[in-house]
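Structure record follows, encoded as structure tokens.
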Amino acid sequence: MPKSKLILFILFFYIGWTIKELTFHPKITDLELYLISFLIKMIFWIGLVVIYFVYIDRVKLQQIIDYIKLKQNIIKGVFTGGIIGLLLVAIEATIFNGFRLDIGIRWIITPLTAFSEEVVFRGFVMNKLRDHRVKGYNFIQAILFMGIHFPIGIISGYSLLNYLTIFLVGYILGFIYKKTSSIWAPTIAHSVYNILIYLRQ
Numbered sequence: 001m002p003k004s005k006l007i008l009f010i011l012f013f014y015i016g017w018t019i020k021e022l023t024f025h026p027k028i029t030d031l032e033l034y035l036i037s038f039l040i041k042m043i044f045w046i047g048l049v050v051i052y053f054v055y056i057d058r059v060k061l062q063q064i065i066d067y068i069k070l071k072q073n074i075i076k077g078v079f080t081g082g083i084i085g086l087l088l089v090a091i092e093a094t095i096f097n098g099f100r101l102d103i104g105i106r107w108i109i110t111p112l113t114a115f116s117e118e119v120v121f122r123g124f125v126m127n128k129l130r131d132h133r134v135k136g137y138n139f140i141q142a143i144l145f146m147g148i149h150f151p152i153g154i155i156s157g158y159s160l161l162n163y164l165t166i167f168l169v170g171y172i173l174g175f176i177y178k179k180t181s182s183i184w185a186p187t188i189a190h191s192v193y194n195i196l197i198y199l200r201q
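Laid out in structure tokens, this is it:
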């Protein structure tokens with residue numbers, strides 16, 4: 001499959017998501033709109049990947065599941081992600097000496113959001129770059145992962161350190177995905193990392 005189609009797809013994804021974030025990014029205090037925004041993300045992110053697989057790659061659902069490693073090495077993925085998650089919790093507890101646990105619906109939304117991001121950036125983008133024999137494919141997907149956070153960064157006033165952290169997290173998640181061959185390892189690690197951010201706010 002020509003790289004041009006992949007590049008056009010990624011551009012469309014970035015433009016579409018940037019427009020959405022800059023025009024419709026409700027806060028959790030407006031729960032109804034916040035949930036609508038969450039559903040839009042799930043449909044847009046995962047839906048576009050499925051559309052690419054079905055209409056560009058011409059593959060079936062089972063092949064998509066196999067490609068993103070949804071059913072491969074589940075035990076290894078869950079175990080690895082769980083261990084990393086526990087380490088993150090231990091480090092966080094040591095540094096901040098406790099958490100606030102009342103983050104409400106974010107307990108549910110955060111893991112689902114992390115899953116959608118892992119499907120797109122590790123399961124799809126990283127694998128596609130590897131298939132096209134792009135050198136440094138993990139580095140590139142981490143750059144792209146950082147880039148998709150630019151719109152929310154503009155809204156929230158992210159610093160350079162915030163973006164560098166996102167890049168590093170993306171790179172580590174890519175490394176975990178590569179080593180475990182399971183989408184669940186980076187998904188669990190990603191979920192715990194994001195939840196810990198909310199717990200300290």
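Here the sequence shown stands for residues 1 to 201, numbered as in the numbering used here. Even for Gly, the Cβ is constructed at its ideal location relative to N, Cα and C.
Residue-level contact to chain B via CB, residue i, 8 Å cutoff
| i | result |
| --- | --- |
| Phe38 | Absent from the structure: chain B. Only one protein chain is present. |
Close beta carbons around residue i, own chain, < 8 Å, minus the five adjacent residues each side
| i | result |
| --- | --- |
| Asn127 | Tyr67 and Ile68 |
| Gly153 | Asn162 and Tyr163 |
Where residue i sits in the DSSP three-state scheme
| i | result |
| --- | --- |
| Asn97 | coil |
| Ser181 | coil |
| Leu61 | helix |
Contacting residues, own chain, Cβ-Cβ under 7 Å from residue i (five flanking each side not counted)
| i | result |
| --- | --- |
| Ser181 | Lys69, Gln72 and Asn73 |
| Gly82 | Ile188 |
| Lys5 | Ile56 |
| Phe99 | Leu199 and Arg200 |
| Phe96 | Arg200 |
Residue span of the alpha helix (DSSP H) that contains residue i, given as start and end
| i | result |
| --- | --- |
| Arg133 | Counting along the chain, Arg133 falls outside any alpha helix (DSSP H), and DSSP gives it neither H nor E. |
| Gly153 | Phe150 to Ser156 |
| Ser159 | First-last for Ser159: undefined, no H or E at that position. |
| Leu70 | Careful: Leu70 lies outside any alpha helix (DSSP H) and carries neither H nor E. |
| Phe12 | Lys3 to Thr23 |
Contact belief for residue i with residue j at Cβ below 8 Å, rounded distance in angstroms
| i | j | result |
| --- | --- | --- |
| Tyr177 | Arg130 | Between Arg130 and Tyr177 the Cβ distance is about 11 Å, and since that is not below 8 Å, they are no contact. |
| Ser191 | Pro111 | 4 Å |
| Ile40 | Lys20 | 6 Å |
| Tyr52 | Phe9 | 6 Å |
| Gly47 | Ala185 | Rounded, the Cβ-Cβ distance is 24 Å, inconsistent with contact. |
Nonlocal neighbours in the same chain, by C-beta distance under 6 Å from residue i, ignoring five residues either side
| i | result |
| --- | --- |
| Tyr163 | Met146 |
| Trp45 | Ser116 and Val120 |
| Thr18 | Pro151 |
Problem - Whole runs of the alpha helix (DSSP H) within the region 27-56, excluding any shorter than 4 residues - result: Fully enclosed alpha helix (DSSP H) runs of 4 or longer: 31-51.
Problem - Whole alpha helix (DSSP H) elements within the region 78-123, 4-residue minimum - result: 106-118
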